[in-house]
Structures are given as structure tokens and as C-alpha cells.
Amino acid sequence: MKHEMTNQEYNEYIKKKTPNSKIFTNCIKAFIAGGIICVIGQCITALMKKWGLNQEDAGTYTSIILVFLGALLTGLDIYPRIAKFAGAGTVVPITGFANSVVSPALEAKTEGMVLGTGAKIFTIAGPVILYGILASWLAGIVYWIISLF
Amino acid sequence: MRIGRQTVKLDNPPVIIETSSIVGVKEGEGPLRSAFDKVLTDDTLGEKSWEKSESMLQKQTMLLALEKATLAQGDIDYILAGDLLNQCVGAHYSVRDFDIPFLGLYGACSTMTESMSIGSMLVGGGFANHVMCLTSSHFCSSEKQFRNPLEYGGQRTPSAQWTVTGAGCAILASKGSGPRITHVTTGKVIDKGVTDISNMGAAMAPAAIDTLLAHFNDTGIKPDEYDMIVTGDLGVIGSDILVELMMEEGFDIRENHRDCGKMIYDIEKQDVHAGGSGCGCCGSVFCGYIYRELKRHNLKKILVMATGALMNPMVVEQGESIPAVAHAVTIEN
Chain H
70 MKHEMTNQEY
80 NEYIKKKTPN
90 SKIFTNCIKA
100 FIAGGIICVI
110 GQCITALMKK
120 WGLNQEDAGT
130 YTSIILVFLG
140 ALLTGLDIYP
150 RIAKFAGAGT
160 VVPITGFANS
170 VVSPALEAKT
180 EGMVLGTGAK
190 IFTIAGPVIL
200 YGILASWLAG
210 IVYWIISLF
Chain R
184 MRIGRQTVKL
194 DNPPVIIETS
204 SIVGVKEGEG
214 PLRSAFDKVL
224 TDDTLGEKSW
234 EKSESMLQKQ
244 TMLLALEKAT
254 LAQGDIDYIL
264 AGDLLNQCVG
274 AHYSVRDFDI
284 PFLGLYGACS
294 TMTESMSIGS
304 MLVGGGFANH
314 VMCLTSSHFC
324 SSEKQFRNPL
334 EYGGQRTPSA
344 QWTVTGAGCA
354 ILASKGSGPR
364 ITHVTTGKVI
374 DKGVTDISNM
384 GAAMAPAAID
394 TLLAHFNDTG
404 IKPDEYDMIV
414 TGDLGVIGSD
424 ILVELMMEEG
434 FDIRENHRDC
444 GKMIYDIEKQ
454 DVHAGGSGCG
464 CCGSVFCGYI
474 YRELKRHNLK
484 KILVMATGAL
494 MNPMVVEQGE
504 SIPAVAHAVT
514 IEN
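For the protein sequence lines, the chains are H and R, in the order given.
Okay, so the first sequence: first residue is 70 according to my numbering, each after it adds one.
Okay, so the second sequence: first residue is 184 according to my numbering, each after it adds one.
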């Protein structure tokens with residue numbers, strides 16, 4: 070090239086050329102969709118409590134039901150359609166966690182139950198699980214140190 | 184005959200005697216529907232895995248080309264084929280049932296013109312009478328290999344491109360009637376440090392510019408001599424970069440530049456963000472729409488340049504950038 074650009078100049082140039090994601094509208098959509106999922110969760114909790122469960126058990130049942138719904142909607146190819154609109158609104162709630170486990174499991178089915186589904190099921194959720202456990206472990210240590218005084 | 188640093192002028196220009204193209208459901212809903220030989224109604228092609236589906240797609244495209252050209256397998260001296268999948272499984276499993284010498288190619292999305300470049304040198308050099316150039320891509324197998332599972336709920340960035348489900352096959356011959364490949368310009372691997380795997384157009388544009396400049400310098404052909412300068416899958420962003428930076432170099436291709444990635448879909452209606460991509464993009468659009476226009480003499484002289492982002496997700500995760508390559512062939516009626 071005559072007007073040879075350095076890599077840095079080129080990367081700055083393409084930044085100008087590349088449209089950004091619409092952060093504001095995406096945030097609004099995520100807020101609405103994520104909010105709706107949370108409202109559904111709240112309704113399930115309220116219903117469970119009405120049926121005689123205590124707060125803790127109602128919460129556990131709510132998680133189980135939401136994970137089931139997330140997994141079911143993933144298998145029916147409905148969850149990714151909602152997620153296309155909702156973005157982070159469907160990634161962050163527990164239903165998104167279900168989606169991130171079920172989707173690689175479904176995809177890897179063709180490679181068998183062990184080396185396919187078994188090995189690939191946590192490819193997306195794996196880091197969340199690992200660092201989630203690590204973070205709770207660190208929090209436990211901090212809690213223990215504080216409780217000494 | 185070699186002219187310049189990167190170009191070969193073919194003294195016995197091979198003829199593209201026949202092509203065939205098959206595309207998936209979504210591509211069949213695009214503006215070029217009528218130009219393809221066949222539009223699938225089921226992207227699995229009745230197979231149990233996406234990799235097998237892509238192989239079947241290549242196989243059917245190849246068989247269709249033979250049928251259209253009324254040639255037998257024994258008439259073909261070489262198959263040059265490739266795709267995007269690891270170890271080119273799309274090609275290897277499609278050609279294993281055939282009794283034809285095979286050369287596998289990997290040029291990512293540049294494979295269509297890579298195969299036509301090598302094929303025309305084999306035929307033009309007198310080493311073969313008939314060569315088949317074949318390539319494919321499949322949205323589902325590509326997503327599986329390069330990105331996220333199909334059912335994963337995520338959002339694509341505006342610069343992301345949609346891998347075309349489609350395949351194209353061109354048969355080059357030493358004799359016959361049809362458009363001829365007169366020049367071959369082979370690209371170099373160019374890497375301008377782009378690391379965003381959702382912006383392939385920007386990663387490939389510098390390779391396209393490099394090859395295009397080499398082509399004009401080597402051949403002395405002026406951009407306006409071409410009815411169409413068609414790139415493979417730069418998409419909306421890559422095309423914009425190519426046209427703008429070529430202007431800065433003193434070559435105006437605004438009027439005659441087209442991009443298969445922009446042609447194959449209705450960008451807005453089909454929600455494909457920056458356009459189509461994949462080997463099958465240039466493969467099906469060239470072997471479908473462009474070849475038909477050449478045969479109808481609506482196009483006289485064109486340059487076809489497929490661009491490939493030689494991207495490996497693992498190496499990009501290790502911090503590397505994305506190298507790219509572009510190969511160009513001149514086709515004259």
C-alpha cells in the first residue's frame with residue numbers, strides 16, 4: 070500500500086468504521102426482559118409460600134422451576150429467540166445459566182454421551198462455576214477472619 | 184506466463200464450462216433465490232450431524248455439476264476442494280466416494296478463488312483437461328466450530344457476519360465454450376493486527392486491498408475495465424473499508440465493486456448484521472448468480488476476489504491477531 074497504515078492506525082480507523090452496539094436500547098430491553106423473569110420468579114415464590122413453604126424452601130423451589138423453564142425453552146429453541154431481544158436480560162438470571170448448560174449439551178450430543186455431552190456440557194458455564202466457588206471460598210475466609218475479632 | 188510479482192497471465196485460458204450451486208433455506212429467501220440451482224428445504228440434508236450435512240451438501244453440489252456438464256467422474260482429472268471445518272472434513276468426506284485425484288485446500292472464505300486459481304494453472308499449464316473447484320460452508324457447523332452453540336442465547340454485534348449455508352462447484356476445462364479465466368493474482372497473508380473475531384470484514388479488507396493493488400500493478404488493467412469487481416465476503420464494513428482505502432490509493436472502484444456477502448441476503452430484512460460470510464458465500468454466489476450473468480453476456484470482464492480470514496479461535500484467545508488472504512481471478516467472456 071502506498072499510504073501504508075501501521076497496525077495501530079488501522080485499528081483506530083476501523084473503530085470509526087464499525088458501528089457500536091446500541092448500548093442504551095440494549096440496556097432498556099435487558100432491564101425489561103430481566104425484570105419480567107424476576108417478576109415470574111417472585112410470583113412463583115409467593116405461590117409456594119401461599120402453599121405453606123417457608124421463605125428458604127420457596128426460594129429453592131423457585132430456582133429449580135426457573136432452571137427447568139430455561140432448559141425447556143432452550144430445547145424448544147425459544148430461549149435464544151427471546152435472548153436475541155433481551156441480551157443481558159436473559160443471560161444474567163438463573164434461566165441464562167440453564168441455557169448456557171443445556172445449549173452445549175444439545176450441540177455435543179452427536180459426539181456421544183461421554184465425550185460429547187459429558188465433556189462439553191460446562192464449556193460455557195464452567196468458568197462461572199469455578200470462579201463462583203472460588204469467590205465463595207474467599208468470602209468464607211474473610212468472614213472467618215472477621216468473626217475472630 | 185508470469186507477470187509481475189503475484190500474477191500469472193494464462194496463455195491458454197481455461198474455460199469455466201459449467202457450475203452448480205446449492206444453498207440453504209435462509210439463503211433461498213434472499214434476493215438471489217432464482218440464481219441458484221437448488222434451494223434446500225432442510226439444512227440437515229437428512230444427516231445426523233452438521234458436519235455430515237455439510238459433506239452431503241458438497242457431494243450433492245459436485246454431482247449436480249457433473250450432471251449439468253454431462254461428464255463422468257473419469258473425465259475429471261482433479262478435484263480441488265475445501266471448506267471451513269477442521270481438517271476440511273466437509274471436503275474429505277464428500278470426495279471419499281469418488282474415484283478422482285484430490286487436492287484439499289484451506290483458504291478459509293477465499294477457497295473458491297484459491298481453487299479456481301490453482302485449477303486454472305493446472306488446466307492452462309496443460310496438466311489437466313477437466314478440474315473441479317468445489318467449496319462449501321454451513322451456518323450450523325461453523326457456529327459449532329468457531330462460536331457458540333446454536334441454542335445459546337446471545338446477541339451478535341452489529342459487525343458480525345452470518346455464515347452462508349451453501350456450496351458452489353465450477354468445472355474448468357481446456358476446451359469448450361464459456362467464460363475464460365485469463366489472469367490469476369495470488370494473495371499474500373496480511374495481518375493488520377485486528378483481534379475482534381466479530382469483525383471479519385475489517386480483518387480481511389487489508390488483504391483484499393493488497394491483492395487488488397498487486398493485480399492492477401502486475402497486469403496494468405484499469406479498474407473501470409471491469410464490469411464488476413466482486414469480493415467474497417467482506418460484508419458491509421469490509422466493503423466500505425476496501426472502497427474507501429482503494430480511493431486513497433488512487434483506484435476508484437465505487438461503481439463496479441460488489442460483495443457476495445452483501446448480495447446473498449437482504450441485509451435489513453433478513454437481520455444478518457454486516458452480511459454473509461463463509462466459503463459457500465462466494466462459492467454459491469459466483470457459481471449461481473455471477474456465472475449466470477456471464478453466460479447471458481450481461482457481464483463481459485470481471486474480477487472475482489474471495490477473501491479469507493484465517494482465524495483460529497484458540498490462537499486468537501492466546502492473544503494473536505487474525506491473518507487474512509485474498510486471491511483474485513480475471514474472468515472474460
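From the three backbone atoms N, C-alpha and C, an ideal C-beta is built for every residue, glycine too.
Same chain, Cβ closer than 6 Å to R:S381, neighbours up to 5 away in sequence not counted: T340, S342, A343
Short CB-CB distance (under 8 Å) between R:T340 and chain H: yes
The segment 215 to 223 of chain R in contact with the segment 322 to 342 of chain R per 3-pair CB rule at 8 Å: no
N-terminal and C-terminal residue of the beta strand (DSSP E) that R:G201 is part of: First, the residue type needs correcting, since residue 201 of chain R is Glu and not Gly in the sequence shown. Taken as a continuous stretch (DSSP letters only), the beta strand (DSSP E) holding R:E201 covers 198 to 206.
Short CB-CB distance (under 8 Å) between H:G165 and chain R: yes
Coil, strand or helix - R:V487 by DSSP: strand
Members of the segment 134 to 149 of chain H near chain R, C-beta cut-off 7 Å: T143, D146, Y148, P149
Span separating the alpha-carbon of R:S303 from that of R:H313: 10 Å
H:W120, DSSP secondary structure in three states: coil
Between the CA atoms of H:Y130 and H:W120 - distance to the nearest angstrom: 12 Å
DSSP state of R:E237 mapped onto helix, strand, coil: helix
Supposed close pair R:P496, R:F329 - CB separation, criterion 8 Å: 6 Å
R:V314 - DSSP class collapsed to helix/strand/coil: strand
Proximity winner among R:V191, R:V499, R:D280, R:G349, relative to R:T224 (alpha-carbon distances): R:G349
Closer than 8 Å at the beta carbon, the chain R residues around H:E176: K327, P332, L333, E334
Contacts of R:I420 in chain H (Cβ-Cβ under 9 Å): I83, K86, T87, P88
Neighbour flag for H:Y200 against chain R, beta carbons, 8 Å: no
Per DSSP, the bridge partner or partners of R:H456: Partner(s): none; R:H456 has no beta bridge.
Partners in chain R for H:A152, counting only beta-carbon separations shorter than 9 Å: Y335, G336, G337, Q338
Members of the segment 361 to 382 of chain R near chain H, C-beta cut-off 9 Å: D374, K375, G376, V377, T378, D379, N382
Residues that H:I127 bridges to, as DSSP identifies them: The question names Ile, but residue 127 of chain H is Ala in the sequence shown. Paired residues: none, contrary to the question.
Neighbourhood of R:I505 by C-beta distance below 6 Å, restricted to the same chain and skipping five residues each side: V377, A386, A492, M494
Chain-ordered chain H contacts of R:A492 [CB-CB under 9 Å]: Residues of chain H passing the Cβ test: none, with the nearest at roughly 13 Å.
Burial state of R:P332, where buried means 16 or more other Cβ atoms lie within 10 Å: buried
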